Amino acid sequence: MIAALGLLVGIVLGLIFQPDVPLGLEPYLPIAVVAALDAVFGGLRAYLDGIFDDKVFVVSFFSNVVIAAAIVYLGDKLGVGGQLSTGVIVVLGIRIFSNVAAIRRHLFHA
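FYI, my numbering numbers position 93 of the sequence shown as 831, with every residue one higher than the one before it.
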């Protein structure tokens, strides 16, 4: 629940302040957002399953973002940034949809 509230507060603050992203960091922003969403939906799933741990959530949140950004950075340095970005998005997207499916099954008992 705290994760969802934090996500909502972050979205509202982003809409109010409209921060500028430096050009050098623009390729990493979508990856960071998807990695953070993966952690949020994973945390929500864990909460509904009764196994949520706030320490695990915080570590998962930051490690997802850092690892995803590191993979994209490495891809940029190797000249295959676009392909690795796509790979990261696909993998995290699969995880997000898997977590959302589990949340849906939990909420609707299907």
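Glycine included, each C-beta is placed from N, C-alpha and C at the ideal position. Because the structure is a prediction, the values reported are computed rather than measured.
Subject >> Span separating the alpha-carbon of P768 from that of V828 >> reply: Residue 768 sits at position 30 when you count from the first residue of the sequence shown. Residue 828 sits at position 90 when you count from the first residue of the sequence shown. Taking the straight line joining both Cα atoms gives about 12 Å.
**OP:** Kindly indicate which three-state DSSP category F790 falls into: helix, strand or coil?
**Re:** On the sequence shown, position 52 is the one that residue 790 refers to. DSSP places F790 in the coil class of the three-state scheme, outside both helix and strand.
Original post:
Out of curiosity, what's the CA-to-CA distance linking A806 and H847?
Top reply: Taking the sequence shown and counting its residues from 1, one reaches residue 806 at position 68. Taking the sequence shown and counting its residues from 1, one reaches residue 847 at position 109. Approximately 33 Å, taken between the alpha carbons.
**OP:** Mind reading off the beta-carbon distance from F795 to G817? Whole number of angstroms is fine, and I expect it under 8 Å.
**Re:** Here residue 795 corresponds to residue number 57 of the sequence shown, with the count starting at 1. Here residue 817 corresponds to residue number 79 of the sequence shown, with the count starting at 1. Actually they are not in contact, since the Cβ atoms of F795 and G817 sit about 35 Å apart, beyond 8 Å.
**OP:** State the DSSP-derived secondary structure class of V759, mapped to helix, strand or coil.
**Re:** Locating residue 759 in the sequence shown gives position 21, where the first residue counts as 1. DSSP places V759 in coil when its eight states are reduced to three.
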